[in-house]
Amino acid sequence: MVSYFTIDATGEGTNFQKEISNMMHGFGDNPNPNAATVVLVENIVLQQLRSMLQESLNNSTMRGSNTITNYDIIYLVRKNPVKLKRLHDYQIKLDRIDKNRQSTVTTPTETILPGIILEEEKEVTLKKKRTHIDVIKEIDETDEMSLIKFDAIDYLRKVRASKITESMSYEKYEAYHKARCSSFRSSYGLSKGFVKLERWINPNKELKINSLALEVLCFLAYETVAEIVDAVFLIRQDSKKKSGDPFSKFEGGYFCNPQSLNNAVYIKSGYEGCPAITVAEVREVLRRYFTPRSGMNGLFYRNMSMDLPVRYIAI
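This note's numbering numbers the first residue of the sequence shown as 49 and each following residue consecutively.
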């Protein structure tokens, strides 16, 4: 089952269903995610990314440029210092990986003539440096990101992964590790890693997107899948609420001390402790997320005919 959103100009289908299936499993879903749910999540991520690109195009046009850069994408995240902090840490990890990879490149021990740069050395020297951290420092003028010392959501994701892998065998843990390593990046090389992603979100080549912007989009797409899975667990937690006990849903749940996660209903130790996420649960996530708020965006506000601001799950 392939959505019409994933058909490019050549008529070939491009999708990330396998990658999204692995990501959902890595975030706590069943080892065999529901196929219909994976397709729905894929369409959600695709629509979110294309909305980001449209807004980023408006920002780049205001700057007098027709190319979408990483600055235009990161500018959308400027009001969420937590996500800026995650992107900052993500960039540091990528730089560390590239540094380790460059250190393993074999270089000749002797040079024929001094001052001559060989072709292999020239490729490493002229490699374009990523500037996400510089952009984040430029946007975060009040330095709010430095005040964030602890990311509770990221910590709870790690606790959930720890609970899932408690009683795994070596073979199952190896499969789970591969699922945790899945992303929207086809490889680690800048020139090869985002070809599939660009073909997915920009099949007709209508937009000019540089590799740095695609790298940020890769991060935001990954966060979108993670936020959807986290929200599904919150919905399952709400479904366990006992009548007459308003604090029952917090017993062994999302907001409690991690030591009490042994009693959690939706986080069980073991490889198959979690039932597969259903389409209805994902649709309930969307309903709760996109329901107009009270006040100016309420259902009976007199200016309701005006366009409501676009909301992004990952931001």
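Yeah, the Cβ is synthetic: ideal placement off N, Cα and C, and Gly gets one too.
Chain-order list of residues whose beta-carbon lies under 7 angstroms from that of residue i (same chain, five-residue window excluded)
i: ARG98; result: ILE249
i: SER69; result: PRO81 and VAL86
i: ASP77; result: VAL277, CYS322, ALA324 and ILE325
i: LEU105; result: ILE116 and LEU255
i: TYR138; result: PHE267
i: GLU262; result: First, the amino acid is wrong: residue 262 is Leu here, not Glu. Cβ within range, chain order: PHE242, LEU245 and GLU246.
i: ARG126; result: ILE187
Per-residue burial, residue i [other beta carbons within 10 Å of its own, 16 or more giving buried]
i: ALA362; result: buried
i: GLY112; result: exposed
i: LEU195; result: exposed
i: CYS229; result: exposed
i: GLU189; result: exposed
i: ILE212; result: buried
i: MET100; result: buried
i: ALA269; result: buried
i: PHE75; result: buried
i: HIS73; result: buried
i: ALA200; result: exposed
i: THR159; result: Residue placement at THR159 is flagged as unreliable, the pLDDT there being 45, under the threshold of 50; a coordinate-derived value is accordingly withheld.
Residue i at chain D interface by Cβ criterion, 8 angstroms
i: HIS73; result: Of the protein chains in the structure, only one exists, and it is not chain D.
Beta-bridge pairing of residue i - partner residues as DSSP gives them
i: LYS256; result: THR115
Beta-carbon contacts of residue i that lie in its chain and below 8 angstroms, excluding the five residues immediately before and after
i: ASN114; result: SER108 and LYS256
i: GLU275; result: ILE361 and ALA362
i: VAL333; result: ILE276, ALA279, VAL280 and ILE283
i: VAL264; result: ASN118, ILE121, ILE122, LEU135 and HIS180
i: VAL93; result: PHE64, ILE68, ALA269, THR272 and VAL273
Residues of its chain near residue i, where Cβ-Cβ distance is below 6 angstroms and the 5 sequence neighbours each way are ignored
i: ILE184; result: LEU132 and HIS136
i: ALA84; result: VAL327
i: ARG336; result: none
Where the alpha helix (DSSP H) containing residue i begins and where it ends
i: GLY74; result: 65-74
i: VAL89; result: 83-110
i: VAL183; result: 180-187
i: VAL327; result: 327-338
Return the chain-ordered ranges of every alpha helix (DSSP H) run that is complete within the region 194-271 and spans a minimum of 4 residues. 200-212, 218-228 and 243-249
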